[in-house]
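Novice:
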Amino acid sequence: MQSVISQVIEHIDLTRRLRASMLAIMKFADVTDDDSLTRDSLTRDGLTGPVRRSELVRHIEANGPVRLEKLVETFRVSAMTIHRDLDVLAREGLIERVRGGARAKPHPFAEQDVRLRRATRVGLKKALAAEAALLIRTGDVVAFDDSTTVAAMLGNLAERAPSAVVTHALGLMRELTLMHPQISLVGLGGQYVHETDSFLGAIVVEQLSRVSADVVFVSTTALKNDALFHPDAAAAETKRALLTRADRKVLLLDDSKFEAKGLYHVADLAVFDDVIVNAELAPELREHLNTLGLRVHYVSTPPAEF
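At position 139 of the sequence shown the residue is numbered 139 (UniProt numbering), and the sequence of numbers has no breaks.
(1) On the three-pair Cβ rule with 8 Å, is the stretch 173-183 touching the stretch 220-235?
(2) Do Val186 and Ala152 have their CB atoms nearer than 8 Å?
(3) Can you tell me whether Leu76 is buried or exposed, with buried defined as 16 or more other CB within 10 angstroms of its CB?
(4) For Ile183 and Ser212, I'd like the C-alpha separation in whole angstroms.
(5) What number of angstroms, rounded off, separates the C-alpha of His194 from the C-alpha of Thr238?
(6) Given this structure, state the Cα-to-Cα distance separating Phe258 from Arg286, to the nearest angstrom.
(7) Could you give the uninterrupted runs of the alpha helix (DSSP H) lying entirely in the stretch 179-263, keeping only those of 4 residues or more?
(8) Taking all protein chains shown into account, decide if Arg210 is buried (16 or more other Cβ within 10 angstroms of its Cβ) or exposed.
(9) So who's on the other strand from Asp87, going by DSSP bridges?
(10) Do Leu289 and Phe272 count as a contact pair if the criterion is CB distance below 8 Å?
(11) Grouping DSSP H, G and I as helix and E and B as strand, with all else coil, what is Ala158?
(12) So, are the CB atoms of Val198 and Val150 less than 8 Å apart?
(13) Could you compute how far the alpha carbon of Ala222 sits from the alpha carbon of Leu263?
(14) Take the Cβ of residue 307 as the centre, count every other Cβ of all protein chains shown within 10 Å, and call the residue buried at 16 or more, exposed below.
(15) For Gly93 and Thr291, I'd like the C-alpha separation in whole angstroms.
(16) Using DSSP with H/G/I as helix, E/B as strand and the rest coil, what is Asp30?
(17) What does the Cβ neighbour count give for residue 309, buried or exposed, with the cut at 16 atoms within 10 Å?
(18) If you reduce the DSSP assignment to three classes, tell me which class Ile82 lands in.
(19) By DSSP, does Ile60 sit in helix, in strand, or in coil?
See the structure below:
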């Protein structure tokens, strides 16, 4: 009798332990259903978490208020993953949560956060950057703005062998020291702006008056009426000052920048010597660029980004 009772107790104890183990596994699976450990983060043609969130913002801005179920269907991830993505984007002020989904945050003249821009059209940026790097001559002093398109040129610098880089982009400074320690770096400091990961404003402009470069590379948020515009006054002022420090001026941009919204004038298109743009630019815009006397370099968009 005692033996039977002992067996029953052992069976109950084993059942409890098995149930506790299953609950622990389920809890662990729920907690670790994040960007680094689940297949959800690699679905929709292999998008990682940061890229997926970037695409979520673009999708929400383009389609207005969107229900969670539609986002799950579009991005082919779990509802839990979309919930977490939306929570992250809402905390960062990039979207607004609404009952059952999300909507775009009103910002008619705000520049997209640098973390999202770094994950957007990456292949095209690399293609534009590779073409732009060909304009660097051995020994040149090169000036870079804080755009993510220009930052993509870092991977091409070793073969072009510039003697020095001048920039106000903090992220670019960090990467340059790691990738190309043999290239001298002149970093411009001032008021740090988190959204652009760079230093902007009067202090940077004053420092720029003390340096000179052979060629400067910039991009911008909007190109309209043959002029560059930017939504932030300090950023526009800094880019404008940067353009005065070199004889050769190069503009990198993609077709989404044409007729986009911008508030503060940066420079007229006519001040540039070279323009690097993707070949998918509308025919009428290509024809107009070709009439301005600029050297226009057309770069094909990688097939994966069509």
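Even glycine gets a Cβ: it sits at the ideal position worked out from N, Cα and C.
Specialist: According to the structure data:
(1) no
(2) Locating residue 186 in the sequence shown gives position 186, where the first residue counts as 1. Locating residue 152 in the sequence shown gives position 152, where the first residue counts as 1. Contact: no.
(3) Numbered from 1 along the sequence shown, position 76 holds the residue referred to as residue 76. First, the residue type needs correcting, since residue 76 is Arg and not Leu in the sequence shown. So Arg76 counts as exposed.
(4) For the purposes of this step, residue 183 is identified with residue 183 of the sequence shown, where counting begins at 1. For the purposes of this step, residue 212 is identified with residue 212 of the sequence shown, where counting begins at 1. Their Cα atoms are separated by approximately 16 Å.
(5) Looking up residue 194 in the sequence shown gives position 194. Looking up residue 238 in the sequence shown gives position 238. Going from the Cα of His194 to the Cα of Thr238 covers about 16 Å.
(6) Position 258 of the sequence shown holds residue 258. Position 286 of the sequence shown holds residue 286. Answer to the nearest angstrom: the Cα atoms are 11 Å apart.
(7) 202-208 and 233-243
(8) To locate residue 210, count along the sequence shown from 1; it is residue 210. Exposed: under 16 other Cβ atoms inside 10 Å.
(9) Looking up residue 87 in the sequence shown gives position 87. Its beta-bridge partners do not exist; DSSP assigns none.
(10) Taking the first residue of the sequence shown as 1, we reach residue 272 at position 272. Taking the first residue of the sequence shown as 1, we reach residue 289 at position 289. No; because the gap between Cβ atoms is not below 8 Å, this pair is not in contact.
(11) The count along the sequence shown starts at 1 and reaches residue 158 at position 158. The three-state secondary structure of Ala158, taken from DSSP, is helix.
(12) In the sequence shown, residue 198 corresponds to position 198, counting from 1. In the sequence shown, residue 150 corresponds to position 150, counting from 1. One point to set straight first is that residue 198 is Ser, not Val, in the sequence displayed. No. Outside cutoff.
(13) Position 222 of the sequence shown, counting from 1, holds the residue named residue 222. Position 263 of the sequence shown, counting from 1, holds the residue named residue 263. Each residue's alpha carbon lies about 9 Å from the other.
(14) No information on residue 307 is available, as it lies outside the stretch 1 to 306 that the chain covers here.
(15) For this step, residue 93 is matched to residue 93 along the sequence shown. For this step, residue 291 is matched to residue 291 along the sequence shown. So the two alpha carbons sit approximately 41 Å from each other.
(16) As a first step, residue 30 must be located in the sequence shown, where it is residue number 30. The pLDDT assigned to Asp30 is 37, lower than 50, so where the model puts this residue is not dependable; a value taken from the coordinates is nonetheless given after this. Asp30 falls in the helix class under three-state DSSP.
(17) Any answer about residue 309 is impossible in this case: the structure gives the chain only from 1 up to 306.
(18) Position 82 of the sequence shown holds residue 82. Judged by DSSP in its simplified three-state form, Ile82 adopts helix.
(19) Counting from 1 along the sequence shown, the entry for residue 60 is found at position 60. Of the three classes helix, strand and coil, the one that applies to Ile60 here is helix, per DSSP.
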